[in-house]
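Colleague:
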Amino acid sequence: MVQSMPNHEYKMTKFRSIFWHRRDLRIEDNIGLFEASKSSKNLIGTYVLDPNLLDLNRTTSEAKNWFLGESLIELQKNWEERGSRLLILNGDPIILISKLVNLIKAECIYWNENIEPYEINRDKLITDKLSKEKIKVYTFLDQLIVNPSNIKTNNNEPYKVYGPFYRKWIDRINKTNVSNNNLIQISRTSEKIRGIDDKELSLIKNSDLNYCITRKSKSIYDLLYLNRFKDTNLCPCKPGESESIKQLNFFITKGGINSYYQARDIPSLESTSNLSAALSLGTISCRAVWNSAQLSKVIATEKYQINSIDAWIKELAWREFYQNALINFPELEKGPYREKWLNFPWQNKPNWFEDWCNGFTGIPIIDAAMRQLKYSGWMHNRCRMIVASFLVKDLLIDWRWGELFFMKSLVDGDLASNNGGWQWSASSGMDPKPMRIFNPFRQASKFDQDGNYIRKWIPELSHISTANLLSGEILSVERNGYPEPIINHKNQTLIFKELYSKIK
Ligand SMILES: Cc1cc2nc3c(=O)[nH]c(=O)nc-3n(C[C@H](O)[C@H](O)[C@H](O)COP(=O)(O)OP(=O)(O)OC[C@H]3O[C@@H](n4cnc5c(N)ncnc54)[C@H](O)[C@@H]3O)c2cc1C
Numbered sequence: 061m062v063q064s065m066p067n068h069e070y071k072m073t074k075f076r077s078i079f080w081h082r083r084d085l086r087i088e089d090n091i092g093l094f095e096a097s098k099s100s101k102n103l104i105g106t107y108v109l110d111p112n113l114l115d116l117n118r119t120t121s122e123a124k125n126w127f128l129g130e131s132l133i134e135l136q137k138n139w140e141e142r143g144s145r146l147l148i149l150n151g152d153p154i155i156l157i158s159k160l161v162n163l164i165k166a167e168c169i170y171w172n173e174n175i176e177p178y179e180i181n182r183d184k185l186i187t188d189k190l191s192k193e194k195i196k197v198y199t200f201l202d203q204l205i206v207n208p209s210n211i212k213t214n215n216n217e218p219y220k221v222y223g224p225f226y227r228k229w230i231d232r233i234n235k236t237n238v239s240n241n242n243l244i245q246i247s248r249t250s251e252k253i254r255g256i257d258d259k260e261l262s263l264i265k266n267s268d269l270n271y272c273i274t275r276k277s278k279s280i281y282d283l284l285y286l287n288r289f290k291d292t293n294l295c296p297c298k299p300g301e302s303e304s305i306k307q308l309n310f311f312i313t314k315g316g317i318n319s320y321y322q323a324r325d326i327p328s329l330e331s332t333s334n335l336s337a338a339l340s341l342g343t344i345s346c347r348a349v350w351n352s353a354q355l356s357k358v359i360a361t362e363k364y365q366i367n368s369i370d371a372w373i374k375e376l377a378w379r380e381f382y383q384n385a386l387i388n389f390p391e392l393e394k395g396p397y398r399e400k401w402l403n404f405p406w407q408n409k410p411n412w413f414e415d416w417c418n419g420f421t422g423i424p425i426i427d428a429a430m431r432q433l434k435y436s437g438w439m440h441n442r443c444r445m446i447v448a449s450f451l452v453k454d455l456l457i458d459w460r461w462g463e464l465f466f467m468k469s470l471v472d473g474d475l476a477s478n479n480g481g482w483q484w485s486a487s488s489g490m491d492p493k494p495m496r497i498f499n500p501f502r503q504a505s506k507f508d509q510d511g512n513y514i515r516k517w518i519p520e521l522s523h524i525s526t527a528n529l530l531s532g533e534i535l536s537v538e539r540n541g542y543p544e545p546i547i548n549h550k551n552q553t554l555i556f557k558e559l560y561s562k563i564k
C-alpha cells in the first residue's frame, strides 16, 4: 500500500543525500525532491535504467524509450544547472542503489513511491537492504493527487466502480489544498547544490555501477538510437519537463480545455492534451495539471466551457481510478477481474492478430487507428476503445494479447491505465456493463464523419467517398492494395455472444 511518509523532523544537514528519480522525471513540483532539497544541500540525483522496465518484448516500446531517453537528458541538464549531477546507472536497482549509496557515502536516500506490483516489491527489497546498512530511506506519494488510502467506501473498502470513486475523489480534493508549489529549494541562479566532485565522478566511472553520462553512453544511446523510434515528429507527446509544461500551457491557454467536451471524441482533431506520456513518466506533476484546470474554471464564462473542464477532470480521475485499482487489486496485472473470463474459449488466430497489429484488417477505422499507433506511438482514446473491442469481440482474441501489444507500442504505455482500458473494453474488469460491443462502422460514422482520420492514416483509400470509407463498402477495383475485410462484424458478434453465454 502506498502511503506518504509522516512528517519528518528535518534539520538541514551537511550530510549527503541521494534523490532517486523513477516516474518523476522533473525538477519542479516533485514532492520527494522538494523534501530532499529542504533537508540537504549536498544532494545528488540518480536514475537507474531498470532492465525489467525496459524490456521491449514486455514492458516498454521504442516510442516510450525515446521519450524516456530525451527526458533524462533534459533532467541531467537541469541537475547540472543547479550545481549537482544526475547519475544515470544501468542495471538492477536492487544492486546498484546500495552500491551507489556506499560509494559516495550518502546518509539518506529519497524517492517517490510507485504503484506497480513489480516496483512495490523491488522497493521493499531495496529498503530492507538499505535499512540493514543503516541508510535512511524517505519515501513520498507524488504521482496521484489523492492518497489512495484516503479513498475508501464507508465500509473502508476500495472502490470498484468509477462513479462513486470519482465522487469521493473530488470530495477529498475539495477538502484539501492541492499545491503544486513544491519547488526545489535550490534555484539555478542563487545558492547551488553541492554534488559530486570530479574525483568522485572518476571513482564512479571506474566502478561497476554502469554509469552513463551523455547521449554517447551505451545505454542512453541504445534507448535513443539502437531501437530507434523513427517518427518522433508524428508523436503528439513531447519528452522532457519543459515540453510537458508547454503542452499543458498550450492546452489550457489555447482553449483546448474549453472545447474538450465537444471535441475529445473526434480523432481527426488535435483536441486532447497529449499529456499521457508526461503524466506516466512524470515529466509533469498531476498537481500542476489539476491546478491549471482549476484556473481555467475560474476564468471560464460559458457553461459549455465549465462542462468541458469538468469532462477533462473526469479523465484525470480515470487515471487515478485505475492506479487505485492496481494498488488494491494487484492481481489485475495477471488477468481478468471477473474470473469467469478465464474460461472464455478464445480463438486466438495468429494471422488475424497480425493483421490487427499491422492495420490490415480491411476495416478502415480499425486500420487507421492501428497505423496511427504504429507510426506515431500514440492512439486517440476513442480509437483505443474501438480497436480493443474489435480484437476481443470480433476477432475473439484474448485481450491480454492486445494489452501486451499496446505496451510494446505506446509512448504512454502504463500498466494501470492500459490494463484498466483493456479490461473495460473486454468487459472482464470492474465495469458493471459486461456486454459492451462496439460496431466499428457505426463508431466511424459517428466520430469520423468526414473520413479525415481514416484518409490520413490510410492514404491508399484517400480517393474513396466518405460514405464508403465509413461503411467499409469498397469495391475490389478501388482498393488500391487495401485488403478485403477479414471478418464480417455481424457474424462475429453473434459467435461472440454465443460463446460468452456459455462461460460460467
Ligand atoms: C484499451 C486502452 C488502453 C489504454 N492504455 C493507456 C496507457 O497505456 N496509458 C495511458 O496513459 N492511457 C491509456 N489509455 C487511456 C487513454 O486512452 C489515454 O490516456 C489518452 O488517450 C491519452 O491522451 P491525452 O493525454 O490527450 O488524454 P486527455 O484526453 O487529454 O486526458 C488527460 C489525461 O487523463 C488521463 N486519461 C484520459 N483518459 C483516460 C482513461 N480512459 N484511462 C486512464 N487515464 C486516462 C491521461 O493521463 C491523460 O493524459 C488507454 C485506453 C484504452 C481504452
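Numbering (the working numbering), first residue to last: 61 to 564.
A virtual CB, placed ideally from N, CA and C, is assigned to each residue, including glycine.
1. Closest to glutamate 88 by C-alpha separation, out of Leu185, Arg118, Arg142, would be which residue?
2. Go ahead and pull the three-state DSSP assignment for serine 352.
3. Taking the Cβ atom as the reference point for each residue, do glutamine 407 and leucine 376 lie within a distance shorter than 7 Å?
4. Quick one: measure Cβ to Cβ for tryptophan 459 and serine 485, integer angstroms, because I've assumed they're closer than 8 Å.
5. Spatial neighbours of lysine 512 within its chain, please: CB distance less than 6 Å, with the 5 preceding and 5 following residues excluded, ordered by chain position.
6. Taking only heavy atoms of ligand 1 into account, decide whether any of them is closer than 6 Å to the Cβ of serine 436.
7. Anyone know if the C-beta pair for leucine 146 and glutamine 136 falls short of 7 Å?
8. Three or more C-beta pairs under 8 Å: does that hold for the stretch 443 to 454 against the stretch 388 to 398?
9. Does the beta-carbon of glycine 481, which I'm using as the reference point, lie nearer than 6 Å to any heavy atom of ligand 1?
10. How far does the alpha helix (DSSP H) with lysine 374 in it reach, from first residue to last?
11. Nearest-angstrom Cα distance between leucine 93 and serine 340?
12. In this structure, what does DSSP give as the bridge partners for valine 108?
13. Tell me which residue opens and which closes the beta strand (DSSP E) that isoleucine 180 is part of.
14. If I'm right that valine 108 touches leucine 156 with Cβ under 8 Å, what's the distance once you round it to whole angstroms?
15. From which residue to which residue does the beta strand (DSSP E) around valine 197 run?
16. With DSSP collapsed to three states, give me the class of histidine 523.
17. Taking only the alpha-carbon atoms, compute the straight-line gap between glutamate 69 and glutamate 193 and give it to the nearest angstrom.
18. Assuming proline 224 and glutamate 393 are in contact, meaning their beta carbons sit under 8 Å apart, how far apart are those beta carbons, in whole angstroms?
19. Nearer than 6 Å: is that true of the beta carbon of threonine 332 relative to any heavy atom of ligand 1?
20. Less than 7 Å between the beta carbons of aspartate 427 and isoleucine 344, yes or no?
21. Within 10 angstroms of its Cβ, does glutamate 222 collect 16 or more other Cβ (buried), or is it exposed?
22. Under a three-way DSSP split, which group does histidine 440 fall into?
23. Among the residues of its own chain, which have a CB less than 7 Å from the CB of arginine 463, if the five just before and after it don't count?
24. Helix or strand or just coil, what does DSSP make of tryptophan 412?
25. Does the Cβ of valine 349 have 16 or more other Cβ atoms within 10 Å, making it buried, or fewer, making it exposed?
26. Excluding five sequence neighbours on each side, which residues of the same chain lie with their C-beta closer than 6 Å to the C-beta of tyrosine 382?
27. Asparagine 384: buried (16+ other C-beta within 10 angstroms of its C-beta) or exposed?
28. Go ahead and pull the three-state DSSP assignment for isoleucine 256.
29. If you draw a straight line from the C-alpha of serine 331 to the C-alpha of isoleucine 211, how long is it?
30. Starting from tryptophan 171, trace the beta strand (DSSP E) both ways and give me its first and last residue.
31. Measuring straight from C-alpha to C-alpha, what distance separates valine 206 and isoleucine 233?
32. Please confirm whether any heavy atom of ligand 1 lies closer than 6 Å to the CB of arginine 444.
33. Is glutamate 520 closer than 7 Å to glycine 489 when the C-beta atoms are compared?
34. Is lysine 550 buried or exposed, if buried means 16 or more other CB atoms sit within 10 Å of its CB?
35. For a quick check, are the C-beta atoms of cysteine 295 and glycine 422 less than 7 Å apart?
36. Can you tell me the Cα-Cα spacing of serine 64 and aspartate 291, whole angstroms?
Modeller: From the atom records:
1. Numbered from its first residue, the sequence shown carries residue 88 at position 28. Selected option, being the one with the closest Cα: Arg142.
2. As a first step, residue 352 must be located in the sequence shown, where it is residue number 292. In the structure shown, serine 352 sits in a helix (DSSP, three-state: H, G or I).
3. Counting from 1 along the sequence shown, the entry for residue 407 is found at position 347. Counting from 1 along the sequence shown, the entry for residue 376 is found at position 316. In this structure, the beta-carbon distance from glutamine 407 to leucine 376 does not fall below 7 Å.
4. Locating residue 459 in the sequence shown gives position 399, counting from the first residue. Locating residue 485 in the sequence shown gives position 425, counting from the first residue. Right, their Cβ atoms sit about 7 Å apart.
5. Here residue 512 corresponds to residue number 452 of the sequence shown, with the count starting at 1. Per the sequence shown, the amino acid found at residue 512 is asparagine instead of lysine. Excluding sequence neighbours, asparagine 512 sits near Ser328.
6. Your numbering for residue 436 matches position 376 in the sequence shown. Not a single heavy atom of ligand 1 lies less than 6 Å from the C-beta of serine 436.
7. Taking the sequence shown and counting its residues from 1, one reaches residue 146 at position 86. Taking the sequence shown and counting its residues from 1, one reaches residue 136 at position 76. Yes, the Cβ-Cβ distance between leucine 146 and glutamine 136 is below 7 Å.
8. The stretch 443 to 454, when compared against the stretch 388 to 398, does not touch it at the 8 Å Cβ threshold.
9. Within the sequence shown, residue 481 is the residue found at index 421, counting from 1. Indeed, a heavy atom of ligand 1 lies less than 6 Å from the Cβ.
10. Translated into positions along the sequence shown, residue 374 becomes position 314. Element bounds for lysine 374: 363 to 388.
11. Here residue 93 is taken as the residue at index 33 of the sequence shown, counted from 1. Here residue 340 is taken as the residue at index 280 of the sequence shown, counted from 1. So the alpha carbons of these two residues sit roughly 18 Å apart.
12. For this step, residue 108 is matched to residue 48 along the sequence shown. For valine 108, the pairing in a beta bridge is given by DSSP as Leu149.
13. Locating residue 180 in the sequence shown gives position 120, counting from the first residue. For isoleucine 180, there is no enclosing beta strand (DSSP E); the enclosing alpha helix (DSSP H) covers residues 177 to 192.
14. Taking the first residue of the sequence shown as 1, we reach residue 108 at position 48. Taking the first residue of the sequence shown as 1, we reach residue 156 at position 96. Contact holds; Cβ gap of about 6 Å.
15. One-based indexing of the sequence shown puts residue 197 at position 137. That run of the beta strand (DSSP E) goes 196 to 200.
16. Residue 523 sits at position 463 when you count from the first residue of the sequence shown. Looking at histidine 523 - three-state DSSP - the assignment turns out to be coil, as it is neither helix nor strand.
17. The sequence position of residue 69 within the sequence shown is 9, counting from 1. The sequence position of residue 193 within the sequence shown is 133, counting from 1. The predicted position of glutamate 69 is uncertain, since its pLDDT is 42 and thus under 50; no value can be drawn from it.
18. On the sequence shown, residue 224 is found 164 positions in, with the first residue counted as 1. On the sequence shown, residue 393 is found 333 positions in, with the first residue counted as 1. Actually they are not in contact, since the Cβ atoms of proline 224 and glutamate 393 sit about 23 Å apart, beyond 8 Å.
19. One-based indexing of the sequence shown puts residue 332 at position 272. Distances between the C-beta of threonine 332 and the heavy atoms of ligand 1 include at least one below 6 Å.
20. In the sequence shown, the residue the question calls residue 427 occupies position 367. In the sequence shown, the residue the question calls residue 344 occupies position 284. Between aspartate 427 and isoleucine 344, the gap from beta carbon to beta carbon reaches 7 Å or more.
21. Residue mapping note: residue 222 aligns to position 162 of the sequence shown, counting from 1. Contrary to the premise, residue 222 reads as tyrosine rather than glutamate in this sequence. It is buried - the Cβ of tyrosine 222 has at least 16 other Cβ atoms within 10 Å.
22. Along the sequence shown, one-based indexing puts residue 440 at 380. Reduced to three states, the DSSP call for histidine 440 is coil.
23. Indexing the sequence shown from 1 puts residue 463 at position 403. Note that residue 463 is glutamate in the sequence shown, not arginine. Around glutamate 463, the same chain offers Asn478, Asn479, Trp482 as residues with beta carbons nearer than 7 Å, after the five sequence neighbours per side are excluded.
24. To locate residue 412, count along the sequence shown from 1; it is residue 352. Here tryptophan 412 sits in helix by DSSP.
25. Mapped onto the sequence shown, residue 349 falls at position 289. Answer is buried; the Cβ neighbour count reaches 16.
26. Along the sequence shown, one-based indexing puts residue 382 at 322. Closer than 6 Å at Cβ, skipping near neighbours: Ala476, Ser477, Gly480.
27. Taking the sequence shown and counting its residues from 1, one reaches residue 384 at position 324. Classification for asparagine 384: buried.
28. Locating residue 256 in the sequence shown gives position 196, counting from the first residue. In the structure shown, isoleucine 256 adopts coil according to DSSP, grouped into three states.
29. Taking the first residue of the sequence shown as 1, we reach residue 331 at position 271. Taking the first residue of the sequence shown as 1, we reach residue 211 at position 151. Between serine 331 and isoleucine 211, the C-alpha separation is close to 31 Å.
30. Stepping through the sequence shown from its first residue, residue 171 is reached at position 111. Annotation: the continuous beta strand (DSSP E) that includes tryptophan 171 extends over 168 to 172.
31. Your numbering for residue 206 matches position 146 in the sequence shown. Your numbering for residue 233 matches position 173 in the sequence shown. Answer to the nearest angstrom: the Cα atoms are 7 Å apart.
32. Position 384 of the sequence shown, counted from the start, is the residue given in the question as residue 444. A distance criterion of 6 Å places the beta-carbon of arginine 444 in contact range of ligand 1, judged by its closest non-hydrogen atom.
33. Stepping through the sequence shown from its first residue, residue 489 is reached at position 429. Stepping through the sequence shown from its first residue, residue 520 is reached at position 460. Not a contact, by the Cβ cut-off of 7 Å.
34. As a position in the sequence shown, residue 550 is number 490, starting the count at 1. Answer is exposed; the Cβ neighbour count stays below 16.
35. Residue mapping note: residue 295 aligns to position 235 of the sequence shown, counting from 1. Residue mapping note: residue 422 aligns to position 362 of the sequence shown, counting from 1. No; because the gap between Cβ atoms is not below 7 Å, this pair is not in contact.
36. For the purposes of this step, residue 64 is taken as residue 4 along the sequence shown, with counting starting at 1. For the purposes of this step, residue 291 is taken as residue 231 along the sequence shown, with counting starting at 1. Its pLDDT being 43, under 50, serine 64 is placed unreliably by the model, and the measurement read from it follows with that caveat. Distance between the alpha carbons of serine 64 and aspartate 291 is about 39 Å.
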